[in-house]
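All residue numbers for the sequence shown refer to the working numbering, where the first residue is 2 and numbers rise by one. C-beta: ideal position from N, C-alpha, C; glycine also. Everything numeric in this text was worked out from a predicted model, so none of it was measured. Accompanying notes for the structure given below.
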Amino acid sequence: MAKARSAKLSSMALMMLALGLFFTVLGISGIIPQAGEGIFGFSKDRTTLEVVFGVLELLCGAFLLFDAVKRIPSKTSSTVLLVIFALWVIRIVVTQFIQGLDFDSGGIEFRPTFWSWMLTLSTDLVVAAALWLSFRNE
């Protein structure tokens with residue numbers, strides 16, 4: 002007797018849904034000035050770069066949500082996931098190391114504080130790890 006396939010949500014699909022929701026909300030909050038991105042802000046001022054990254058994050062979120070519910074061909078999905086991962090790594094470098102650290106004669110200054118910087122960095126690394134895992138799973 003053949004086993005019936007269950008309609009359960011796989012762990013990868015659940016992670017893709019969570020990532021998709023995260024990127025969608027992050028993108029919307031980057032585009033809408035009143036929303037505020039909190040620790041994920043790209044710049045303190047409302048700049049064109051903030052809006053551009055907001056649109057990119059929104060597109061990434063839409064792709065991840067769509068890929069979670071309706072599978073996209075593996076080659077396409079892998080390529081897009083790798084691009085999203087690369088953009089996220091660039092975002093980490095810019096926000097955490099270029100904007101988040103200040104080297105002066107007194108040593109290294111963390112912005113805003115060391116623990117806030119570490120919390121944001123660790124959160125960014127969790128998102129990067131989830132993106133990498135999604136890419137490797139394709």
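| request: Pick helix, strand or coil for Gly58, following the three-state DSSP scheme. | output: One point to set straight first is that residue 58 is Glu, not Gly, in the sequence displayed. In this structure, Glu58 counts as helix in the three-state DSSP scheme.
| query | When you compare only the Cα positions, how much space is there between Val52 and Val127? | reply | Taking the CA atoms as reference points, Val52 sits about 23 Å from Val127.
| Residue from Ile32, Phe24, Met119 whose Cα sits closest to the Cα of Leu88 | Comparing Cα positions, the closest option is Phe24.
| request: Give the DSSP bridge partners of Glu110, in chain order. | output: Asp103
| request: Write down the C-beta distance between Gln97 and Asp125 rounded to the nearest angstrom, noting that I regard them as a contact closer than 8 Å. | output: So it is a contact: roughly 7 Å between Cβ atoms.
| field | Beta-carbon proximity list for Met17, same chain, < 7 Å, skipping 5 on both sides | value | Leu65, Asp68, Ala69, Ser135
| field | Leu132 beta carbon less than 8 Å from that of Leu22 | value | no
| field | Lys71, DSSP secondary structure in three states | value | coil
| field | Residue of Ala129, Arg137, Leu15 minimising C-alpha distance to Lys71 | value | Leu15
| query | Got a sec? Which residues, its chain only, sit under 6 Å from Asn138 by beta carbon, not counting five neighbours each side? | reply | Met13
| said: Please report the straight-line C-alpha distance between Thr121 and Lys76, rounded to a whole angstrom. | reply: 32 Å
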